[in-house]
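Remarks on the structure that follows.
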Amino acid sequence: MQEKDMAYNKWKQPGWRIEQKYSDKVLIGNWAEERLQFSQERTTSKSSNSFDFRPHPDHRPDVIVRRTALRRSEVEAT
548 MQEKDMAYNK
558 WKQPGWRIEQ
568 KYSDKVLIGN
578 WAEERLQFSQ
588 ERTTSKSSNS
598 FDFRPHPDHR
608 PDVIVRRTAL
618 RRSEVEAT
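Numbering (our numbering), first residue to last: 548 to 625.
Following this line, the structure appears as structure tokens:
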């Protein structure tokens, strides 16, 4: 009877009732908590293209070359 009382009292102790917070090293339990804390800042990425690109403000696309390329691709597709 005394062993049964000890087992019953074990569950009334605070160490058994308090659920510990997830550790940062736990991947399964923390993904939802840390996802809510993620700040979604609007930033543009910096690529090598943005540094190497030189704008050509007066450039206009050659309509004839584009049209012939489009027709050629349509003929090959059929």
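Where a beta carbon is used, it is the ideal one built from N, C-alpha and C, also for glycine.
Under the three-state reduction of DSSP, S595 is assigned to helix. Bounds of the alpha helix (DSSP H) holding R619 are V610 to A624.
The alpha-carbon of S595 is positioned some 14 Å away from that of P602.
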